[in-house]
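**Student:** Our numbering runs 36 ahead of the 1-based position in the sequence shown.
Positions of the beta carbon are idealized from the N, C-alpha and C atoms, including for glycine.
Quick one: structure below, then a few questions.
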Amino acid sequence: RRPELHDMPLAAFCQIVFLALVPLCAAVDGENGPQACAADSGSNLFLQLAVQIDRQEENELQRLVSLLLLIRKECVRGTEVCLPALAELRSAVWPRVESEGNFSSPPWMPGARFDQIFLEDSQAIGESGTKTMFFRHIFKAGGLNIFANLQQVTMNFRRLSYLKFCSKFHSTDPANRTAFTFVRHPISRFVSSYAEIEYRSRIGEDWPSMDFIARKLKGHPVGSHERVAVFFEEFLRSGIENDGHVRPQVEFLLPNRCSIPMGLVGKTERMEEDWAKMFAIQNRTGTEFDSELAVHSHGDRDKDAMESFLGLGSAKRSSNDGASAPNRHKYVRVLCWLYLADFVIFEYELPDECQQEPMQSAIALVRKASAHNFMIQDEV
37 RRPELHDMPL
47 AAFCQIVFLA
57 LVPLCAAVDG
67 ENGPQACAAD
77 SGSNLFLQLA
87 VQIDRQEENE
97 LQRLVSLLLL
107 IRKECVRGTE
117 VCLPALAELR
127 SAVWPRVESE
137 GNFSSPPWMP
147 GARFDQIFLE
157 DSQAIGESGT
167 KTMFFRHIFK
177 AGGLNIFANL
187 QQVTMNFRRL
197 SYLKFCSKFH
207 STDPANRTAF
217 TFVRHPISRF
227 VSSYAEIEYR
237 SRIGEDWPSM
247 DFIARKLKGH
257 PVGSHERVAV
267 FFEEFLRSGI
277 ENDGHVRPQV
287 EFLLPNRCSI
297 PMGLVGKTER
307 MEEDWAKMFA
317 IQNRTGTEFD
327 SELAVHSHGD
337 RDKDAMESFL
347 GLGSAKRSSN
357 DGASAPNRHK
367 YVRVLCWLYL
377 ADFVIFEYEL
387 PDECQQEPMQ
397 SAIALVRKAS
407 AHNFMIQDEV
């Protein structure tokens, strides 16, 4: 065990398990059902269950729940605790990633190559009445569309480097500022990111990771499963050299010598609703979100190829592609493990392929704790 993890005390973990078990206890048949569930020979059954889980899973479930609660609490606030917690989570899930992906390699860690996500013009601010709106851009989550809409409904719109953006945020009266971002379903985002990277690499964009992946993919037919497999293998090995398009979305909330807590995290799947909600928080009525502004598409060929490789969507695989559905689905599980924090923090449902233990229980326990406003208490 590693003491620097800010591990959740066992009693706190047991409390979460208890909260998750209460509905099950109420369903036990017989008038003594709830009592039997709550106690056994003077000992709380949920405590016994938690210890049993801890022993059988070698602390894995407890460790996941502890880290996910910590990440949920700290990363949306943009604190310095976020990065080490994400790094610890990556180490915790990596054996599962290696097992599902059938490979062995050191993990590519959160926080590497910050330059990939803190670009000169990757953040934006605009003034709406007395309020200044601060948009933190997450790659492949409607960024260009949001930039265009924000420019349309605000005054003095400008795109800034992260440090200038953060400095402006902290020099603005808290009563007159709103920081927001938008996220996307992790699997959908990965598929779209593949199509984006393919397009950028083929046109020879001057970006280190694009030149790197272009060399890797050279000689493999565009739109083929062979080409997608080469990409996915490199994704597992290096995260496409920690490219911002495929790194977890929660990493975009990391502080870079300056922290910004998010006032609202919207979802692209309900863009219009969350855009209106952001203005409602400011007691203002904003212009309806225009989903057609600044939309860019690179066609469906690469997207379809990745969906087919993963066994998703309506894409059909040929009978001679060499992979059965169960084997394809293991790659979806790899993505679920790597994007576990995104599923938890941004409250996305796991796909059917990822409904397995201990991932499923970890997410259920964290959500149950969130529903009961359970907070991690520091050990004395």
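1. Label Q159 either buried or exposed according to how many other C-beta atoms from any shown protein chain fall within 10 Å of its C-beta, with 16 as the threshold for buried.
2. Jot down the residue ranges of each uninterrupted alpha helix (DSSP H) in the segment 124-193, minimum 4 residues, whole runs only, in chain order.
3. Kindly identify the DSSP beta-bridge partner or partners of T217.
4. Can you give, in chain order, each stretch of the beta strand (DSSP E) that sits fully within the segment 271-340 and has at least 3 residues?
5. Just to check, is the beta-carbon of G259 closer than 7 Å to a non-hydrogen atom of the ligand FAD?
6. DSSP on R473, reduced to helix/strand/coil?
7. Please state whether DSSP places L253 in a helix, a strand or coil.
8. Can you list, in chain order, the residues of its chain whose CB lies under 6 Å from that of I296, leaving out five sequence neighbours each side?
9. So, helix, strand or coil for S237, using DSSP?
10. Given this structure, state the Cα-to-Cα distance separating R263 from E234, to the nearest angstrom.
11. How do the segment 370-377 and the segment 221-240 stand: do at least 3 beta-carbon pairs fall below 8 Å, yes or no?
12. Can you give the Cα-Cα distance for E308 and S327, rounded to whole angstroms?
13. With a threshold of 7 Å on Cβ separation, who are the neighbours of W144 within its own chain once the five nearest residues in sequence on each side are excluded?
14. Does the beta-carbon of V281 have 16 or more other beta-carbons within 10 angstroms, so that it is buried, or is it exposed?
15. Comparing the C-beta of V227 with each C-beta of chain B, is any distance below 8 Å?
16. Measure the alpha-carbon distance for M419 versus V112 and round it to whole angstroms.
**Tutor:** Judging by the given coordinates:
1. For the purposes of this step, residue 159 is taken as the residue at position 123 of the sequence shown. Buried, since its Cβ has 16 or more Cβ neighbours within 10 Å.
2. Counting only runs of 4 or more, we get 179-189.
3. Position 181 of the sequence shown, counting from 1, holds the residue named residue 217. Its beta-bridge partners are V301.
4. The DSSP assignment places 300-303 as complete runs of the beta strand (DSSP E) inside the segment 271-340, in order along the chain (cut-off: 3 residues).
5. The model depicted lacks the ligand FAD and carries no ligand whatsoever.
6. Given a span of 37 to 416 for the chain in the structure shown, any question on residue 473 remains unanswerable.
7. Indexing the sequence shown from 1 puts residue 253 at position 217. Reduced to three states, the DSSP call for L253 is helix.
8. The sequence position of residue 296 within the sequence shown is 260, counting from 1. These residues qualify, in order along the chain: G114, C202, F205, A215.
9. Taking the sequence shown and counting its residues from 1, one reaches residue 237 at position 201. DSSP, reduced to helix, strand and coil, places S237 within a helical segment of the structure shown.
10. For the purposes of this step, residue 263 is identified with residue 227 of the sequence shown, where counting begins at 1. For the purposes of this step, residue 234 is identified with residue 198 of the sequence shown, where counting begins at 1. Cα to Cα, the separation comes out at about 10 Å.
11. Contact between the segment 370-377 and the segment 221-240 is present, because at least three Cβ pairs lie under 8 Å.
12. Taking the sequence shown and counting its residues from 1, one reaches residue 308 at position 272. Taking the sequence shown and counting its residues from 1, one reaches residue 327 at position 291. For E308 and S327, the distance between alpha carbons rounds to 8 Å.
13. As a working mapping, residue 144 is identified with position 108 in the sequence shown. Same-chain partners within the cutoff: S274, G275, N278.
14. Along the sequence shown, read from residue 1 onward, the residue named residue 281 stands at position 245. The residue asked about is misnamed: residue 281 is His in this sequence, not Val. Classification for H281: buried.
15. Of the protein chains in this structure there is only one, and it is not chain B.
16. Coverage of the chain is limited to positions 37 through 416, which leaves residue 419 absent and any answer about it impossible.
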